[in-house]
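Protein chains: 2
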Amino acid sequence: MRLLLLVFIFSSINLYSQDHPNLILTAAAVDNIRENLGKVPMFDNYVATVQEEVDAEIKEGVIVPIPKDMAGGYTHERHKRNFFMLQKAGALYQILDDTKYAEYVKESLFEYARIYKSLPIHPQPRSYARGKLFWQCLNDSNWLVYVSQAYDCIYTFLTKPERRHLEEELFRPYADYLSKENPQFFNRIHNHSTWGNAAVGMIGLVMNDKELIERALYGLPLGDMDATARDNDGGRILDESGKAGFLANIDDPFSPDGYYTEGPYYQRYTMYPYLLLAVSLHNKIPESKIFEFKEGVLLKAVNALLNLTDVDGEFFLLNDAQKGMSYFSRELVSAVDIAYYYGDQDPGLLSIAARQAKITLDGAGFAVAQAIETGKAKPFNKKSIELADGPKGNKGGVSIIRSGTPNDEFNLVTKYTMHGNSHGHFDKLSHSLFFRGEEILQDYGLARFVNIDQKNGGGYLKENTSWAKQTIAHNTLVINETSHFDGDFDMSSRHHPEKFFSDVSSNGSQIISIQERNAYPETPLHRTLIVLEDPRLEHSLLLDVFKADSKTPQQYDLPFHYFGQIMTHDFQMNSSVSLSPLGTDNGYQHLWKIASGKPKEGFNQLSWLYNNHFVTLSLVADKQDEYIFTMLGANDPNFNLRNDKTLLVRRQNTASTLFISALEIHGSYSPVSELSINSTSTLKNIVLLLSTDSYVIFNISFKTGKDLQIALATENNSKTKKHSLTIEGETVEWKGPYLLRDKQ
Amino acid sequence: MRLLLLVFIFSSINLYSQDHPNLILTAAAVDNIRENLGKVPMFDNYVATVQEEVDAEIKEGVIVPIPKDMAGGYTHERHKRNFFMLQKAGALYQILDDTKYAEYVKESLFEYARIYKSLPIHPQPRSYARGKLFWQCLNDSNWLVYVSQAYDCIYTFLTKPERRHLEEELFRPYADYLSKENPQFFNRIHNHSTWGNAAVGMIGLVMNDKELIERALYGLPLGDMDATARDNDGGRILDESGKAGFLANIDDPFSPDGYYTEGPYYQRYTMYPYLLLAVSLHNKIPESKIFEFKEGVLLKAVNALLNLTDVDGEFFLLNDAQKGMSYFSRELVSAVDIAYYYGDQDPGLLSIAARQAKITLDGAGFAVAQAIETGKAKPFNKKSIELADGPKGNKGGVSIIRSGTPNDEFNLVTKYTMHGNSHGHFDKLSHSLFFRGEEILQDYGLARFVNIDQKNGGGYLKENTSWAKQTIAHNTLVINETSHFDGDFDMSSRHHPEKFFSDVSSNGSQIISIQERNAYPETPLHRTLIVLEDPRLEHSLLLDVFKADSKTPQQYDLPFHYFGQIMTHDFQMNSSVSLSPLGTDNGYQHLWKIASGKPKEGFNQLSWLYNNHFVTLSLVADKQDEYIFTMLGANDPNFNLRNDKTLLVRRQNTASTLFISALEIHGSYSPVSELSINSTSTLKNIVLLLSTDSYVIFNISFKTGKDLQIALATENNSKTKKHSLTIEGETVEWKGPYLLRDKQ
């Protein structure tokens, strides 16, 4: 595939279109848009909004300060604002044919050209790859990805000498700085490099500069780069394969399903350069067939990303991820419009575009607006989905189980991916749970306030490593207070969990079963999560069956990271008179122990109230169990962590073991009517009947109705077999990995 | 006034209308509504909604269980649901002329009549006045207030013998139980008694029972009741004046402005019986002119209550109050419709009714729906308002300062009321601050989960006394870790703060200055709060100048109960390695000390992020100051408290002193665009120039623009005087209590 593309490009190199604009906005699209101005209200209104914004900016005048600040600081935010405004002004010039916008772009570019070459490296020394306009090359690349578009839009407005001046004083040295002068930034398999590749490739395409285009697509020669170097997040600088450049950055981090190994938060960020350079290549070199590369993975990735959102369009939190990021981000506005226009015109995308209420100012955005106005939008139906991880799709993955009605949507996010490069967390087999777009069991996300200067210049906080990446920060099993792979990035990067089986048909109960054999080498883990849809229940019920096999006794902690206020518990509990950290390392040093409970034998329940509904957690206790209630915030001198709450089910001095729990969402409370409805659990008991290497069988009883029996076959060779067992004097028979049946 | 009403009632007693319905829904209103069915969509739609609800209930059949549970439990919620449904079914029978609804009411009433006399006192022994259907007479009274309306609606549907049966077996014994058999409940000046009075009065009016009507209006003879008895909340059973009954309950707790001394949360609850018995009297005995009683205080009270809400319609938290209660409650739906119809048809009320999207099924609700449909609604403009407390309006009060635009509304709530009966808190001179309907500086509210059975049967929790009522739970000064009046209810009830002066014209900066001389007898307190509107600022700024006069050194704590995550501070801070409670009593036992800071000399700043905007608190430090950061939750074995955060400015070993602070809301952060805007404070310095018994003068400097000078004259005899002082070598002259001026 790579070779193919190479051939296309170089055979057609002299056929490049010399029209401008022809990068993102094309001359043909401009003609079409101008003809239809005033006819597509959504487009016209959005143009008017952007025009108002840019006009205000033009009034302020061109402001190009000498770089000085970190993210969130004045010069950072000013240069960031500039590149957004230049891109918009360029598009407005083309769409409205008003030279005021071209003049503004020209004047700005000349101002940048005046200072660029003489700028020193940015004074803030934080980054492994310091930029010139910004503290890191990453942000300098953002600037060029946007500004290339502006330059393309005013290309023909400029005289040839003006263009030569800009290219010699600004664009060529800028592109060289991002690539040749910072190979440790440019030549990685990493979202940073994707931005760098796109920046260099896009300006190369505008300038018709073959060398830059080739550099963008295939990377720099490796030379004598340090193969063991690390970036600021502890990630490896060089890919083990030695691959680099834009095509390798598509090949490697995306699975064939379009899952991006760093997770949706970074996928969202990086989709912009991926898609923008792809559209640029498509427009300038159609023969590249870039949208067919790796079986069309770039557009599949947009679909995957949209499926990794809750009902509010917010991304599920996988690896480093800031809460609240959603498909309303500017990157997803572009991605949706591009996927619609360059893909197969999926009408489901139009409903998302309509909800975004923003479009791109180009042919794709115009087509989307036109289609919405003519009533073509259909709902984007999100169903349960499983996305494999790994370049070939054979290195674990994520499964999203969706159930309930659109108003009561219940999303179980199950993570059994690869490590996720430098943004990965040590969270094998972890899960999180959303109900109506609220987090019921949370993934903490990252410990960072992106672009808030007061918090470490907007960069990662040390608590991202000491807490957010640690296993205990996730809803998965921790053994002996150590993180998975002992927190070793290289070890974790070499392994991945396996799916044991799944059945996520979105009709009735759904199930996912996953295994991890390497996180704790002496203790293989096997987790089965069942989302039960049942008329005995108000909403879906989450059942969790977590097996750990160990020959030697050890300590297990199974955390439940909940939100809300405890209403009731049916076991004995002692609250702490003074608070100490629960441990000394691996995240435990950040947890205040606020109370501990001793369960009674068998069935125990804890209920809490969150966002005006009730949640009840039912647990099957072992005699070694202690329930530890914690609050985050210890050893946090800079108030960098949220003070979130956790229940740890701690089981000490135990070899092979089994955790069974059921999480039920029920009822409601209104502070206005003061009515409390269905505030108590429907579950009456969970009784474990059998737990062997081969089987787990248990019964659930409800306050009304029959008991439910659940049987799991847990050995690899028994997944398709017929099973026959005598349980409670009764013969139970089934075929395959599991059985759910009502007891008579 | 009381005598007058008495004369009216008894002179006209034989003229009572014998029509039915004539209590809330009248025969004339029924005629009008029936004629207009199908013509007023808002009314028709709401009738259809109610019909759907009642039809579903009728399908389920009549369910009258033997009483057993506390609030939140089954029998409690079932009987509660019954009285709502009966009231609605009665109205539907009249409006739709469908006997199905009358049959349902009749069948239900007969079922209640079958069991009532033989019911024992409710088995739950928690209340000082146990009911029969519910655990407290209060809820039994709720039942009768609603069911009287249902009985009135089907009165003529029943035969005389049927009515006699219901009255002898149910209503008369029911009314006697609430009054003669529970004088400690019926004869108070308290919202409990108002419900009892209304219940007895309304059923008396339906039954034409003079004795009950008289009992409702004037109370029971005092007899030998225990004058020192207390209710469950520690409030006095008997009013010192010996007054009782409905008219006394209007006279006493309402100020002439319509402020209800227990605060808006209880006013909301109690407005229903006040207004419903008032409407009943108005309809049955128009000569009573009940809406003119005490210069029309009942309808003024509705206006006061609506003005005690934030932009979301939620009540400000004064005394015991559950967060989230708002003018969307059923009681306020009635109140708004009644105030419109029986008042002066204020079109502002219609916009609130439209927002409520609910109406009462009677003449008032119909008139409101009709007026909204004909476009008569106008915005309900809330301005700054001051409401006096006390029966004569001379016992302190509350001042609400509103500033900013409707989208950026800034509400300062200043409390200098009387104690507030049994629901009062020890919070003299406290304030709370709302921005866009969010709490920036919070009042904790109550410690209770109303109607959530799991939490102490839905009743008050002991943390309401140990935390929520204590001074430290409020944004006001605490001396030597003791609450105001040493937490003594009787002492606190004997005193009230005084307003020193105010200027709340809603144009430009506003100011309120208040004094308290008795909370700490040796230390008079004087607080001046200024809401500064200034072009140098993005939003209004809250300035707080708090003086305490003491001859002897003591410890002061000034709490700031904030929400959000700390972003930055410019003073030295040490976080605690392990957490201990800050104190042992008066609420301090519930505070974990999480960090402490030592301010630098002069100006100190602390910023936090809350709901995607920034807040900066600027403090003028004294050399004795320590900044203590706490989290609520110590000594809370049942997880009854929220884990809220507080900054205490602690000043030790100090006699007379002065606290100056400025609270600034600024900027924004979006997790979607990841843009951080205006994240740093505009204030550069606050310099205290003069602090004497007579004057406080200080300068505020901003990052750009001139300095602002503020001078306060703090002696009672100097409020209207001319002042001339030499400050920084310059003569400063002004007249009156304060000066705000730009420095040259």
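Same order as they appear, the protein sequences are chains A and B. To get the numbering used here, take the position in the first sequence, counting from 1, and add 619. To get the numbering used here, take the position in the second sequence, counting from 1, and add 619. All C-beta atoms, glycine included, are put in the ideal place defined by N, C-alpha and C. Keep in mind that this is a model prediction, so the values were computed, not measured.
Taking only three categories from DSSP, how would you classify E1349 of chain B?
In this structure, E1349 of chain B counts as strand in the three-state DSSP scheme.
Going by C-alpha distance, which of A:A769, A:L1267, A:Y1139, A:A983 is nearest F662 of chain A?
For the residues A:A769, A:L1267, A:Y1139, A:A983, the minimum Cα distance to F662 of chain A belongs to A:A983.
According to DSSP, is N1318 of chain A helix, strand or coil?
It is a strand residue.
Pairing CB atoms from the region 1138-1146 of chain B with CB atoms from the region 1301-1308 of chain B, are three or more of them under 8 Å?
With the cut-off at 8 Å, the region 1138-1146 of chain B and the region 1301-1308 of chain B do not touch.
With a 10 Å radius around its C-beta and 16 neighbouring C-beta atoms as the bar for buried, classify K1001 of chain B as buried or exposed.
With 16 or more Cβ atoms within 10 Å of its Cβ, K1001 of chain B is classed as buried.
Whole alpha helix (DSSP H) runs in the region 939-966 of chain A with 4 or more residues, listed along the chain?
DSSP runs (the alpha helix (DSSP H)) wholly in the region 939-966 of chain A: 949-961.
Please check if any C-beta of chain A sits within less than 8 Å of the C-beta of I1346 of chain B.
It does not; no Cβ of chain A falls within 8 Å.
Let me confirm a value: Q1328 of chain A is counted as buried when at least 16 other C-beta atoms fall within 10 Å, else exposed. Which label applies?
By the neighbour-count rule (16 or more Cβ atoms within 10 Å), Q1328 of chain A is buried.
Report the rounded CA-to-CA distance for S812 of chain B versus P840 of chain B, giving the unit in angstroms.
Cα to Cα, S812 of chain B sits roughly 14 Å from P840 of chain B.
Quick one: any contact between the region 805-820 of chain B and the region 752-767 of chain B, if contact means 3 or more CB pairs under 8 Å?
Contact between the region 805-820 of chain B and the region 752-767 of chain B is present, because at least three Cβ pairs lie under 8 Å.
Would you list the residues sitting across from E1005 of chain A in a DSSP beta bridge?
Answer is A:S1018, bridged to E1005 of chain A.
For I808 of chain B, which residues in the same chain have their Cβ closer than 7 Å to its Cβ, ignoring the five residues on either side in sequence?
Closer than 7 Å at the Cβ level, and outside the excluded window around I808 of chain B, lie D858, K862, A867, N868, D871, P872.
Going by the CB atoms, is the gap between V1017 of chain B and I978 of chain B shorter than 8 Å?
No; because the gap between Cβ atoms is not below 8 Å, this pair is not in contact.
What in chain A is Cβ-close to L1294 of chain B, meaning under 7 Å?
Neighbours of L1294 of chain B on chain A, chain order: N1070.
Which word fits N851 of chain A, buried or exposed, when buried means at least 16 other C-beta atoms lie within 10 angstroms of its C-beta?
It counts as exposed.
Less than 8 Å separating the beta-carbons of T1036 of chain B and D1062 of chain B?
In this structure, D1062 of chain B does not lie closer than 8 Å to T1036 of chain B by Cβ.
Kindly list, in the order they appear in chain A, the residues whose Cβ is closer than 9 Å to that of R1261 of chain B.
Chain A residues near R1261 of chain B: Q1184.
Here's the rule: buried if 16 or more other CB atoms are within 10 angstroms of the residue's CB, otherwise exposed. What is N633 of chain B?
Reliability fails at N633 of chain B, whose pLDDT of 49 lies under 50, so the model's placement of it is uncertain and the value that follows must be treated cautiously. When all chains shown are included, N633 of chain B counts as exposed.
Taking the beta carbon of K1354 of chain A as the centre, do at least 16 other beta carbons fall within 10 Å, making it buried, or is it exposed?
Answer is exposed; the Cβ neighbour count stays below 16.
Comparing the C-beta of F1165 of chain A with each C-beta of chain B, is any distance below 8 Å?
F1165 of chain A does not count as touching chain B.
Span of the beta strand (DSSP E) holding F1222 of chain B?
Taken as a continuous stretch (DSSP letters only), the beta strand (DSSP E) holding F1222 of chain B covers 1221-1229.
Under 8 Å between C-beta atoms, does K1074 of chain B make it to chain A?
Interface residue, yes.
Closest by CA to A1214 of chain B, which one among A:L738, A:L1238, A:N1257?
Of the listed residues, the one whose Cα sits closest to A1214 of chain B is A:N1257.
So which residues on chain B does Y884 of chain A lean against when the C-beta distance must stay under 8 Å?
Per Cβ cutoff of 8 Å: no residues; Y884 of chain A is ~11 Å from chain B at best.
Against chain A, with Cβ distances strictly below 8 Å, would Q768 of chain B count as a contact?
By this cut-off, Q768 of chain B is not an interface position.
State the CB to CB distance for the pair V1164 of chain B and V1315 of chain B, rounded to an integer number of angstroms; the pair is presumed to be in contact (CB under 8 Å).
The Cβ separation is near 6 Å, so the contact holds.
For D1105 of chain A, which of helix, strand or coil comes out of DSSP?
Helix.
Going by DSSP in three states, P1200 of chain A sits in which element: helix, strand or coil?
Note: P1200 of chain A maps to strand in three-state DSSP.
What three-state label does DSSP hand W754 of chain B in the structure shown?
Here W754 of chain B sits in coil by DSSP.
Quick test of the definition: if touching needs 3 or more C-beta pairs under 8 Å, does the region 779-787 of chain B touch the region 651-660 of chain B?
Output reads no: the region 651-660 of chain B does not touch the region 779-787 of chain B.
Do the region 1182-1193 of chain A and the region 1216-1231 of chain A meet, that is, are 3 or more Cβ pairs less than 8 Å apart?
Taking 8 Å as the limit for Cβ pairs, the verdict is that the region 1216-1231 of chain A does touch the region 1182-1193 of chain A.
Using a Cβ-Cβ distance cut-off of 8 Å, determine whether M704 of chain B contacts chain A.
So, not an interface residue.
What are the residues in the region 690-716 of chain A lying within 7 Å of chain B by C-beta distance?
The residues in question are G691.
State the start and end residues of the unbroken beta strand (DSSP E) segment that holds N1272 of chain B.
Note, N1272 of chain B: beta strand (DSSP E), 1264-1273.
Identify each residue in the region 873-898 of chain B for which the Cβ-Cβ distance to at least one residue of chain A is less than 9 Å, and report them in chain order.
Cβ contacts with chain A: none found.
Starting from Y1079 of chain A, trace the alpha helix (DSSP H) both ways and give me its first and last residue.
Run containing Y1079 of chain A: none; DSSP gives neither H nor E here.
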